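Heads up: the structure comes next, in structure tokens.
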Amino acid sequence: MSFILLLQIVYNIFQVVTCSYVVYKAMSVYVAEGYTIVFNKFDPSRRNMAEIVWLFYLTKVVDLLDTVFIVCRGKWAQFSFLHIYHHASILYMMWVNASVGYDGDIYFAVAANGAIHVVMYAYYLMASLNIGAARYIKPFITRMQMTQFLGMLGQGFYHICFYQDCQYPIRIGVVYLGYIVSMYVLFDRFAKRTYGTKNAGKGNACQKPVRAAGTSPRGGARKAD
1 MSFILLLQIV YNIFQVVTCS YVVYKAMSVY VAEGYTIVFN KFDPSRRNMA
51 EIVWLFYLTK VVDLLDTVFI VCRGKWAQFS FLHIYHHASI LYMMWVNASV
101 GYDGDIYFAV AANGAIHVVM YAYYLMASLN IGAARYIKPF ITRMQMTQFL
151 GMLGQGFYHI CFYQDCQYPI RIGVVYLGYI VSMYVLFDRF AKRTYGTKNA
201 GKGNACQKPV RAAGTSPRGG ARKAD
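For the sequence shown, the residue numbers in UniProt numbering are 1 to 225.
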């Protein structure tokens, strides 16, 4: 086992544990505050989600190691515009949320994205260890990602159209919606470009996870986000 592969295994375990904790804490706030799934009023005086959002922001900083692993392994084809755009922009978006958008429906974005990262990094870990069960997880990741974006799009539209009811900062809502639209378009194009031709005759262009495409037996998972 190479040193880089060992580091990736440790990294994947760390991400699974940390993201699981973030999801647990976000859902604990959901239960404690009696939230509905969405449409929760923003209250800047409540700080119970703030620490969780900051922790989630820090996981996005740690995500930059994805880029380090790409460089160390010389997988330059994975160093795509989508990869660069997502890793750079998510840092800004999570910093904004942690600073001023830390209440209300933010729990939804944190819990949904955190849960998907738990599944993805669990998949990468199993692939790194050559565990055959990984292939059963692989087909669902892209669907989870796109479903997440659709849910966030609905959330973003609500924040803009009914910002007086939810009292979420309107400027953050506009930036959030624009960001999610850009991510949905980029991921959709990536999925169609990468898998559309190969799977055209099978009638399904999204059978493989967008971020985890091209995983090798040595754990060389191609990461698109």
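Note that the Cβ used here is the ideal one computed from N, Cα and C, for glycine as well. Small disclaimer: the values here were computed from a predicted structure and weren't measured.
Just to confirm, is the Cβ distance from residue i to residue j under 9 angstroms?
i           : j    : result
T59         : T18  : yes
A112        : M152 : yes
Y163        : G173 : yes
S80         : S182 : no
L82         : F149 : no
V23         : V110 : yes
L7          : F69  : yes
V119        : I137 : yes
residue 235 : Y176 : Not covered by the structure: residue 235. The range shown for the chain is 1 to 225.
V96         : P44  : no
H159        : I141 : no
E33         : R47  : no
Note the first and the last residue of the continuous alpha helix (DSSP H) segment covering residue i.
i           : result
residue 302 : The requested residue 302 is not part of the displayed model; the chain covers only 1 to 225.
V100        : F81 to V100
P139        : A134 to C161
T67         : L65 to R73
A32         : F3 to A32
L58         : A50 to V62
I37         : Premise fails: I37 is in no alpha helix (DSSP H) and is neither H nor E.
I116        : I106 to S128
Please check the pair residue i and residue j, which I expect to be a contact at CB under 8 angstroms, by giving their CB distance rounded to whole angstroms.
i    : j    : result
Q167 : F42  : 5 angstroms
I13  : L125 : 6 angstroms
I52  : V29  : 7 angstroms
L91  : V71  : That belief does not hold up - the Cβ atoms of L91 and V71 are roughly 18 angstroms apart, past 8 angstroms.
Y107 : A26  : 5 angstroms
R73  : I116 : Not confirmed; about 24 angstroms, so no contact.
L64  : H87  : 6 angstroms
Would you call residue i buried or exposed, if buried means 16 or more other Cβ atoms sit within 10 Å of its Cβ?
i    : result
D103 : buried
V10  : exposed
F157 : exposed
D165 : exposed
A122 : buried
A133 : exposed
G154 : exposed
I131 : exposed
I84  : exposed
M1   : exposed
A77  : exposed
I37  : exposed
G114 : buried
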